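Protein chains in written order, with our numbering: chain S, 96 to 239; chain R, 36 to 527.
Glycine included, every Cβ here is placed at the ideal spot set by N, Cα and C.
None of the values given here were measured: they were computed from a predicted structure.
Here it is, written out as structure tokens:
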């Protein structure tokens with residue numbers, strides 16, 4: 096897309112705002128519509144635009160596959176870990192009430208952490224799937 | 036920690052899977068997966084003991100009481116299934132090391148073990164949960180893991196096998212989801228106990244009947260009831276040996292359990308067999324499936340494929356037991372779920388050992404096996420006898436109960452069908468035994484399979500004999516489970 100000046104400039108300009116919007120959807124998820132799943136897809140779409148503009152190899156330099164794998168697994172562990180924390184604090188699995196000083200604070204903290212875990216995993220998995228298809232046929236594009 | 040057992044069975048593999056996926060090499064992922072599956076088995080056994088001592092166990096997720104929250108509800112039926120799943124995972128995991136190293140390769144091992152853990156976690160979750168939608172979530176987890184695992188087979192045909200299972204499995208899952216949606220529209224609840232309470236009042240409506248039809252059809256696709264079994268033979272034949280062992284022993288059995296749960300607990304036997312023609316639909320399909328799949332398996336040159344068709348036939352026996360709609364039939368079905376898991380697990384693992392040494396599982400690879408690999412061969416013989424239903428093996432116990440249940444109803448033609456199915460099993464197992472005994476070994480220098488493959492195989496073979504002689508444990512639990520299920524609704 097080297098000759099599409101307008102697309103490149105507008106795309107570059109949009110990427111940070113898309114990411115910011117993703118973070119808004121992520122962390123506003125416990126008050127309004129949104130949450131980790133939607134935010135993860137939006138966040139990953141910023142990288143998809145980057146790939147479309149600059150090619151798979153350029154994007155994979157920013158977000159190498161091994162980091163994405165760690166993020167994908169880390170998100171699941173964060174989600175499950177919140178549940179384990181409430182187990183260790185003597186409540187049932189994923190009972191957020193015991194996580195904070197009082198139940199409402201605990202619910203608040205619990206849902207934010209869990210949604211963040213979802214967001215991380217969805218972002219990384221969407222990107223991994225996208226790369227798996229986009230990197231086909233690119234001789235050096237494959238990170239492995 | 037004892038009160039958290041219902042969630043620990045599912046949680047342990049869930050925590051281990053992402054860690055395993057990040058590891059490198061083949062040894063550490065294998066070691067962690069093995070330890071975790073042993074821990075899950077310990078939890079499942081303790082759960083079964085707890086259910087025997089205290090009755091139904093209810094665990095509310097996140098402290099939200101059902102029907103608002105998701106609850107896990109363990110009674111005899113799913114405690115038995117949990118022991119089967121985790122038990123099979125516990126013998127398949129140690130067995131997997133050598134066989135996976137050869138068939139999948141060290142590079143893909145971490146992902147393989149992660150998928151295997153996800154498969155067992157999905158199956159445990161489906162079994163443990165008391166929420167109908169939660170079943171769908173775990174069904175998808177286990178199915179996605181299964182598609183991946185099948186595709187890792189060495190043969191390139193594994194890819195098409197995996198894809199066709201993906202299509203069929205997704206249709207099954209979608210049907211189930213549509214059914215749940217219809218029930219949710221009518222009752223406003225997804226909790227199984229709550230559904231069971233609300234459904235009788237509105238069971239006349241066509242929406243509920245449609246929901247029933249969708250759910251039963253969807254699950255029958257997953258449990259491979261004839262004629263919805265077409266995905267199964269290829270999926271079992273081309274997936275890696277360890278995967279076939281776990282899948283063949285547990286995956287369809289969990290689908291059977293879900294069918295039992297819906298037919299007996301949620302809709303209740305009066306509705307399923309009275310208002311709906313469930314028996315009239317299931318019995319012919321089970322009988323045709325039983326006879327045709329047994330007949331087809333006789334002609335298979337690939338023994339793995341032969342056993343896959345035999346699995347379709349065994350599902351016929353189980354569904355026959357369910358379709359009787361009596362406590363005895365249900366006892367026989369639950370017994371056969373457990374016992375067939377033991378025998379198919381053992382037989383597929385035996386074939387994995389043959390695969391490891393001979394590089395294939397065709398009848399020609401089995402020639403002269405009695406001389407070159409006697410321990411593997413005798414394991415196959417005993418497993419085969421169990422499959423036929425010879426006394427002193429588990430196969431006899433469940434077929435005996437199935438025949439008793441049929442006689443109780445006076446269904447003599449069904450008794451004849453069951454016996455005919457066993458005769459066909461004699462023929463298809465006999466072919467292999469004959470080749471092993473009297474065939475000329477292709478390469479007499481081949482040695483016995485290594486101990487790390489043989490020990491898990493023989494543990495299962497001993498389980499086949501032990502539970503065939505000491506039937507107190509399995510029969511008592513199956514009878515208690517059947518009594519709970521026949522009571523309809525939910526035992527408080």
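Min CB distance residue i to chain R below 9 Å
i	result
residue 179(S)	yes
residue 240(S)	What the structure shows of chain S is the stretch from 96 to 239, and residue 240(S) is not part of that stretch, so it cannot be assessed.
residue 98(S)	no
residue 236(S)	Note that residue 236(S) has pLDDT 43, beneath the 50 cutoff, so the model's placement of it is unreliable and the number below is only indicative. No, no contact with chain R.
residue 191(S)	yes
residue 112(S)	no
residue 231(S)	no
residue 135(S)	no
residue 186(S)	yes
residue 165(S)	yes
residue 143(S)	no
residue 176(S)	yes
residue 130(S)	no
residue 195(S)	no
Check whether residue i and residue j have beta carbons under 9 Å apart
i	j	result
residue 513(R)	residue 158(R)	no
residue 178(R)	residue 121(R)	no
residue 279(R)	residue 287(R)	no
residue 284(R)	residue 379(R)	yes
residue 382(R)	residue 134(R)	no
residue 125(S)	residue 206(S)	yes
residue 432(R)	residue 347(R)	no
residue 390(R)	residue 467(R)	no
residue 180(R)	residue 60(R)	no
residue 408(R)	residue 388(R)	yes
residue 179(S)	residue 77(R)	no
residue 301(R)	residue 217(R)	no
residue 62(R)	residue 132(R)	yes
Per-residue burial, residue i [other beta carbons within 10 Å of its own, 16 or more giving buried]
i	result
residue 181(S)	buried
residue 230(S)	buried
residue 527(R)	Its pLDDT being 40, under 50, residue 527(R) is placed unreliably in this model, and the coordinates cannot settle the point.
residue 239(S)	Bear in mind that a pLDDT of 41 at residue 239(S), under 50, signals an unreliable position, so the number given afterwards is only what the model happens to contain. Flag for residue 239(S) reads exposed.
residue 199(S)	exposed
residue 229(R)	buried
residue 451(R)	exposed
residue 130(S)	buried
residue 88(R)	exposed
residue 505(R)	exposed
residue 98(S)	exposed
residue 351(R)	buried
residue 384(R)	buried
residue 201(S)	buried
residue 109(S)	exposed
Below-9 Å beta-carbon distance, residue i vs any chain S residue
i	result
residue 140(R)	no
residue 170(R)	no
residue 278(R)	no
residue 225(R)	no
residue 95(R)	yes
residue 262(R)	no
residue 526(R)	Model confidence at residue 526(R) stands at a pLDDT of 45, short of 50, so the residue's coordinates are unreliable; what they give is reported in the following sentence. False, the Cβ-Cβ gap to chain S never drops below 9 Å.
residue 254(R)	no
residue 42(R)	yes
residue 180(R)	no
residue 53(R)	yes
Presumed contact (8 Å Cβ cut-off) between residue i and residue j, rounded CB distance
i	j	result
residue 298(R)	residue 357(R)	7 Å
residue 499(R)	residue 428(R)	5 Å
residue 219(S)	residue 167(S)	4 Å
residue 184(R)	residue 240(R)	Not a contact, Cβ separation roughly 41 Å.
residue 37(R)	residue 81(R)	7 Å
residue 163(S)	residue 215(S)	Incorrect: roughly 10 Å between the Cβ atoms, too far for contact.
residue 142(S)	residue 153(S)	So it is not a contact: roughly 11 Å between Cβ atoms.
residue 211(R)	residue 200(R)	No, residue 211(R) and residue 200(R) are not in contact; Cβ-Cβ is about 16 Å, not under 8 Å.
Neighbour flag for residue i against chain C, beta carbons, 9 Å
i	result
residue 243(R)	Annotation note: the requested chain C is absent from the structure, which comprises protein chains S and R.
Counting Cβ pairs closer than 8 Å, one from the region 209 to 227 of chain R and one from the region 303 to 319 of chain R, do we hit at least three? no
The region 248 to 266 of chain R touching the region 204 to 216 of chain R, judged by at least three CB pairs closer than 8 Å = yes
Take every Cβ of the region 105 to 117 of chain S, pair it with every Cβ of the region 135 to 154 of chain S, and state whether three or more of those distances are shorter than 8 Å.
-> yes
Cβ contact (3+ pairs, closer than 8 Å) linking the region 161 to 170 of chain R and the region 231 to 240 of chain R: no
Using 8 Å as the threshold, is the region 381 to 401 of chain R in touch with the region 327 to 337 of chain R, meaning 3 or more CB pairs across them?
yes
Between the region 491 to 498 of chain R and the region 92 to 99 of chain R, do three or more beta carbon pairs fall short of 8 Å?
no
Next on the checklist: I want to know whether the region 460 to 480 of chain R touches the region 358 to 374 of chain R - three or more CB-CB distances under 8 Å.
Outcome noted: no
On the three-pair Cβ rule with 8 Å, is the region 322 to 333 of chain R touching the region 452 to 463 of chain R? yes
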